[in-house]
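*Asks:* Our numbering runs 97 ahead of the 1-based position in the sequence shown. Beta carbons are placed, not taken as given, at the ideal position from N, Cα and C, and that holds for glycine. These numbers come from a predicted model, not from an experiment.
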Amino acid sequence: MPNSPVCVDASFLIRLMESDEAGLPVQLWRRWRAEGRFIVAPALIFYEIVNALCRYVVAGYLMAEQAEEALEALLALGIHFIRRATKPFTSEHCRLPTVSGCRLPTMPITWRLQSDRGPSSGRQTGGFFRL
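1. Nearest to alanine 107 by alpha carbon, out of Gly120, Pro139, Arg128?
2. Isoleucine 146 to glycine 133, Cα distance in whole Å?
3. Roughly how far, in whole angstroms, is the beta-carbon of isoleucine 176 from the beta-carbon of valine 123, given that I think they are within contact range, below 8 Å?
4. Quick one: residues in its chain with C-beta nearer than 6 Å to the C-beta of phenylalanine 135, no 5 flanking neighbours on either side, listed in chain order?
5. Which stretch, first to last residue, makes up the alpha helix (DSSP H) that contains isoleucine 176?
6. Using a threshold of 9 Å, state whether the C-beta atoms of alanine 170 and valine 154 are closer than that.
7. Look up alanine 149 in the DSSP assignment and say whether it is helix, strand or coil.
8. Find the nearest neighbour of arginine 127 within the set Ile142, Leu141, Asn148, Leu174, judged by alpha-carbon distance.
9. Specify the secondary structure class of proline 102 as computed by DSSP and reduced to three states.
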């Protein structure tokens, strides 16, 4: 359905920020915005993203300032955060699409950091894509 909502997860948002202009996450994001899609995420996604960015800082792939900039950029994307979770670990991001009738695109993210090639994208991350 062209105007159905889209539910994004942390792996998709991290990939979005790592991607260059031609990356699949960026292309999907732009298409959804052009179609006027309502983009949602569970409120717990904040913690997942902060955890991912902290791992990048600890591993030396990002400076703390870069992680803060990335978090600010993610918060500025205009995602509508849904606060329906009543219990921890309820996989709210998996339940949310069935309740709201939206799609749930995910991107594989690899936590096996390569010593000289950077995070999951296989390249050194010096900055993040700006939308």
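*Replies:* According to the data block:
1. Among Gly120, Pro139, Arg128, the Cα nearest to that of alanine 107 belongs to Pro139.
2. Each residue's alpha carbon lies about 25 Å from the other.
3. Not confirmed; about 15 Å, so no contact.
4. The residues are Pro102.
5. Counting along the chain, isoleucine 176 sits inside no alpha helix (DSSP H), nor does DSSP assign it H or E at all.
6. Taking 9 Å as the Cβ cut-off, alanine 170 and valine 154 do not qualify as a contacting pair.
7. Three-state result, alanine 149: helix.
8. Ranking the options by Cα distance to arginine 127, first place goes to Leu174.
9. In the structure shown, proline 102 sits in coil (DSSP, three-state: anything other than H, G, I, E or B).
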